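Note sheet for the following structure.
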Amino acid sequence: MWWDRIFGSSRAKRRDILQDIQRKFSVFRQLLDRHNQVLKLVSRLEEKHKDRRLDSIVALWDEFVEIREGVSDIIERMIELGGSDYLILRERLSAISHEVEALLPQARRIPADEYIIPFGRLNRDRANSVGGKNANLGEIKSRVKLPVPDGFAISAWAYQHFIDVNDLSERIRRLLATVRIRKYEHLETVSEEIQELVIAKPVPADLAAAIRSAFNELSARTGRDGFALRSSAVGEDSAFTFAGQYRTYLNVRRDDLLERYKQILASKFTPAVIYYLSSHSLAELDLAMGVACMEMVDAASSGVVYTHDPVHPAAGHVLINAIFGLGIPLVNGTVTPDVFHVSRADGSVVYASVARKPTGLRLSPDGGVQEYPIAPQEQSTPSLTTEQLGRLAQWGVALETHFGEPQDIEWALDRSGELYLLQTRPLRTPPPKTQIQVPSDVDPVVLLQGGTPISSGAGVGPVYHVNSPAALGAVPDGVVLVAPNPSPYLVAVMRRISGLITMVGGSASHLATIARELSVPTIAGMNDALRLPAGRPVTMDATHGVVYDGAHPDWVVQPGQITSATTTPVGAPLLDAMIAPIVHLDVIHPSDPRFTAENCRTLHDITRFIHQKAMESIFAALRGTKHKNDIGLRLKTKIPLWINIIYLDRDYDAVAGRRWEQESEIASQPMKSLWDGILLEGWPESQVPADLRGFLAVVGANIQGGHQPEFSENSYAFLSQEYMLLNLRMGYHFSTIEAIAASEPEKNYIRMQFKLGGAPLERRIRRVWLIAELLKRMGFENSGQGDFLDSLVAYRSRREILDRLHLLGRLTILTKQLDMTLSSDARAQWYLNEIAGRLGLKVENGSDGDEMRR
512 MWWDRIFGSS RAKRRDILQD IQRKFSVFRQ LLDRHNQVLK LVSRLEEKHK DRRLDSIVAL
572 WDEFVEIREG VSDIIERMIE LGGSDYLILR ERLSAISHEV EALLPQARRI PADEYIIPFG
632 RLNRDRANSV GGKNANLGEI KSRVKLPVPD GFAISAWAYQ HFIDVNDLSE RIRRLLATVR
692 IRKYEHLETV SEEIQELVIA KPVPADLAAA IRSAFNELSA RTGRDGFALR SSAVGEDSAF
752 TFAGQYRTYL NVRRDDLLER YKQILASKFT PAVIYYLSSH SLAELDLAMG VACMEMVDAA
812 SSGVVYTHDP VHPAAGHVLI NAIFGLGIPL VNGTVTPDVF HVSRADGSVV YASVARKPTG
872 LRLSPDGGVQ EYPIAPQEQS TPSLTTEQLG RLAQWGVALE THFGEPQDIE WALDRSGELY
932 LLQTRPLRTP PPKTQIQVPS DVDPVVLLQG GTPISSGAGV GPVYHVNSPA ALGAVPDGVV
992 LVAPNPSPYL VAVMRRISGL ITMVGGSASH LATIARELSV PTIAGMNDAL RLPAGRPVTM
1052 DATHGVVYDG AHPDWVVQPG QITSATTTPV GAPLLDAMIA PIVHLDVIHP SDPRFTAENC
1112 RTLHDITRFI HQKAMESIFA ALRGTKHKND IGLRLKTKIP LWINIIYLDR DYDAVAGRRW
1172 EQESEIASQP MKSLWDGILL EGWPESQVPA DLRGFLAVVG ANIQGGHQPE FSENSYAFLS
1232 QEYMLLNLRM GYHFSTIEAI AASEPEKNYI RMQFKLGGAP LERRIRRVWL IAELLKRMGF
1292 ENSGQGDFLD SLVAYRSRRE ILDRLHLLGR LTILTKQLDM TLSSDARAQW YLNEIAGRLG
1352 LKVENGSDGD EMRR
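Going by the working numbering, the final residue of the sequence shown carries number 1365, and the count climbs one at a time with no gaps.
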């Protein structure tokens, strides 16, 4: 066809050339998009720091990890765009990451100890060695003298031995360093990788032998062959609750012992645990895992004692929750329990709410547990007698007195009628929270009422339903979350939601404990919660169990300054030290000799450096494109310029077979605005100073149909809807204008470079000065030397960018060949004000018109 005859290169080759530059441009746009996201994250972090809203390690760490991921992405795109010269940026990112990580509080040291320690030799002084659960059981047995099942602790030192022998520490730390706790799917990925690492490794031979020997001795003492394996992490039941987040295995047989032990160690890295620990301090992720191996209680009933009512702590009663069988359904929140208020003074029952309990959980003859039916006539009977309730209340008050603070106690009643204590930990009573106060002149619409208030407070936001852990990643911020039951997996989103409503459950579930600690307004056992329409704005009163229609933040009363147990305060010096390597900006201007990859000391530095180098790289890549005249369209215009247009967002087939692009068809907003400015001024013929008329008489004739004037070399434009790179050759000088005009101001810029001319050097310098002054009044920053000018304006709205491009188009014509007449500084000043006035820019007073006439 004619194209091949004229240009001589094959259609396939031209297509390959076009696709190659389009690929580079696509990488460039992706880089700018990611750069834009990173800048927003940096700004958000700076604002939070300035407003002192970074009140925890996790608040800072999560921001840091998100920014670091973005910076890593733009580094990889910069390498793809600019080549191996930018590999050093990976090293800079790694060095900055290590600098921030080194500032984190260090984890506590794990003391060397025995691998196996019987309960009878334990007390709470050994919590750092065996974990809080083990230590407290030993304390109850040896000092308080209340009944606990027989058993032994597998120490934290044993955990450390397992980690060291299998060389897991550094591998786990590297994975945890990447975690973003607000992204549930990211939590899941990191969690799965770590758990697979742990479970795949063998228990060291000496540790395995010690565990089996202790198990055999316990079996011989008790006459049983199945035991409970329960987590007992260091730090558990002290500063943090960890409620229900680690694995527990019941009725474990000897053959499964070591595998279950590893699975409990691996449960230290479930998504919920990583989130929970990160929500307090990243150093706690290094906490060691102790394990309790204890005699199984074949429970007729079981439950939880709160020595104070966590929702109404001033009430003078002990709160007891109970169900038939083993307690797992209660603490998992999958059943609604019997609830009893027992007087602290005399042990009398002052309130009882007996739930229907159709099933229970019991030991299976083959190991593990199994569900069993409750006889119909017994389903609605109390799960404890008055005497048993009084005894549990008495024991609870005794433990509160011994430990010096309210207690959260697990218990079980065996089938012979003996009571055992299975665990005790501090009861987290939340601080005063927001409350709902409906104005007296308002008749509110109540959507739901009832359930069990779990964690008091007020929540305002749209309703959002979630049915499984897989759906947690999509939970938006600020919603009132509705879930089937209070499963501990919900902890992964609890810092992001306004409130929580569950269809079943009670105040004794593990999640209830966490909700109180995290101060999340929560109502459990609201059976009709599914009736709440998704997206419906509501106001929930978690103190009284009421859900009102509509979002009414003005009903929320703040009872003084609210504090929260969710955060570990970060001191200002530490916060400042950790913020600096993230947000400080030192590598700023490209003309600075220190503007190099090696001098990037912060994440913000890297971002700024890449933005500049990306613009330079795409500029060089497009200008260096071979056969530019073979792969585009010629602009059909009366302006005597031969411009070849190459579209970066069109397939080759969309232009193949075409020759011309009409001015009205220009499909690029930046180019259209610039060209409209050129057309507005038009090509000069006679309205120029006299000493220019002779020259322009030669070169200024309009051309029709794309005839190329002798003085003009080919110009070319790389275009997309929002992008333009125009290399404009006019006589003896050329200018290059690159621009993006997108909806996001952070992406936008105009860069103009100007060089050469036909006049002597001093006149060319005057023209550069004149153009620079005009650009400065348009908001550009200028740099350059001699007769070379490099100007930039950035971070403006699309409208501002397009307006400046229109002015640039006019300026291009108004200053064309102007160097020929700039015989003095005074003439340059006169032209400056003349053109500034014509463009509607600021005009300086005091120009000398007489000098121009001379």
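Heads up, the beta-carbon is just placed ideally off N, CA and C, and yes, glycines get one too.
Keep in mind it's a predicted model, so treat the numbers as computed, not measured.
Query, Result
"V986 vs I1012 beta-carbon contact at 9 Å", "no"
"Cβ-heavy atom distance, L1303 to the ligand PLP, below 8 Å", "The ligand PLP is not among the ligands present in this structure, which contains no ligands whatsoever."
"contact_flag[the region 852-861, the region 876-892] where n(CB pairs < 8 Å) is 3 or more", "no"
"Burial state of Q1340 (16 or more Cβ within 10 Å)", "buried"
"Local conformation of D1103 per DSSP, three classes", "coil"
"Buried versus exposed, by CB contacts within 10 Å (16 or more), S742", "buried"
"Per-residue burial, S998 [other beta carbons within 10 Å of its own, 16 or more giving buried]", "buried"
"Candidates Y772, E921, K779, A904, of which the one nearest V815 by Cα", "E921"
"Assigned exposure category for S640 - 16 Cβ within 10 Å defines buried", "buried"
"Contacts around L1343, its chain only, beta-carbon distance under 6 Å, and the 5 residues preceding and following it disregarded", "L1281, E1284"
"Residues bridged to C804 [DSSP beta-bridge criterion]", "F663, L740"
"DSSP bridge partner residues for V880 (one or two, in chain order)", "L874"
"Under 9 Å between C-beta atoms of G643 and R635", "yes"
"Touch test, the region 809-826 against the region 709-729, Cβ-Cβ under 8 Å, three pairs minimum", "no"
"Which residues DSSP lists as bridging Q1296, in chain order", "F1299"
"Residue burial classification, R1119 (beta-carbon count within 10 angstroms, cutoff 16)", "buried"
"Residue interval of the beta strand (DSSP E) (run including G814)", "810-817"
"Pair within 9 Å by beta-carbon distance, L837 and G871", "yes"
"Length of the line joining the Cα atoms of T818 and H828", "7 Å"
"Check whether L604 and I1090 have beta carbons under 9 Å apart", "no"
"Identity of the residues DSSP links to M1051 by a beta bridge", "G970, V1058"
"Boundaries (first-last residue) of the alpha helix (DSSP H) holding I1117", "1114-1134"
"Presumed contact (8 Å Cβ cut-off) between M1263 and L1230, rounded CB distance", "Wrong, their Cβ atoms sit about 16 Å apart, outside the cutoff."
"DSSP bridge partner residues for W922 (one or two, in chain order)", "G814, L932"
"According to DSSP, residues forming a beta bridge with R1240", "F1245"
"Boundaries (first-last residue) of the beta strand (DSSP E) holding E1172", "1171-1173"
"Spatial neighbours of S1102 in its chain, beta-carbon cut-off 8 Å, leaving aside the 5 residues before and after", "S1294"
"S595, DSSP secondary structure in three states", "helix"
"DSSP state of N978 mapped onto helix, strand, coil", "coil"
"Segment contact, 8 Å Cβ cut-off, at least three pairs: the region 964-979 with the region 1000-1011", "yes"
"Touching by the beta-carbon criterion (3+ pairs, under 8 Å), the region 942-956 and the region 676-687", "no"
"Opposing strand residues paired with A1305 [DSSP bridges]", "Y1260"
"A667 beta carbon less than 9 Å from that of G581", "no"
"Whole-angstrom distance between L598 and T700, CA atom to CA atom", "27 Å"
"Sequence-distant residues of the same chain with beta carbon closer than 8 Å to S730, five excluded per side", "D736, F738, R765"
"Classification of D1162 by the beta-carbon crowding that lies within 10 angstroms, buried from 16 upward", "exposed"
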